[in-house]
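Taking numbering that gives the first Met the number 0, the leading residue of the sequence shown gets 0, the next gets one more, and so forth.
We put the beta carbon where it would ideally sit given N, CA and C, even for glycine.
A short worksheet on the structure shown next.
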Amino acid sequence: MIKIQTGIRVDKKLLKVIKGLAEKREQSLAGLVEEILCASLLGEQIITQDEKNTVQKLCEIYCLDQQEIRSLMHNSRKDNE
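Written out as structure tokens, the structure is:
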């Protein structure tokens, strides 16, 4: 398997939440992102209920609410139009 370095832009708060989850899993950020993307493409859920609770707490810590997450999703789609 060949892996390449890529530069992607990600919302600062979202990145902090994902980094926090990766740290809790004792996993690299790149590994977690790759796992989430692969699971999404396969229609699978890899985040456990305990991890969802962790994500919710991290979102509170970094002031990232559900409305902001939905806005990020919407804006990301608009960037591709």
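Would you call the CB atoms of residue i and residue j closer than 8 angstroms?
i    : j   : result
V122 : L63 : Because residue 122 is not part of the residues shown, which for the chain are 0 to 80, the question remains open.
K23  : T47 : no
Give me, in chain order, the residues of the same chain whose beta-carbon lies closer than 6 angstroms to that of residue i; leave out the 5 immediate sequence neighbours on both sides.
i   : result
D49 : none
Return the chain-ordered list of same chain residues with a C-beta closer than 7 angstroms to the C-beta of residue i, the five sequence neighbours on each side being excluded.
i   : result
L31 : I17, L20, A21 and R24
Between which residues of its own chain and residue i is the CB-CB distance below 8 angstroms, once the five residues before and five after are set aside?
i   : result
I45 : E34, I35 and A38
Inter-stretch contact (C-beta, 8 angstroms, three-pair minimum) for the stretch 62 to 69 and the stretch 7 to 14:
yes
What alpha helix (DSSP H) runs, 4 residues minimum, are completely inside the stretch 18 to 45?
28 to 41
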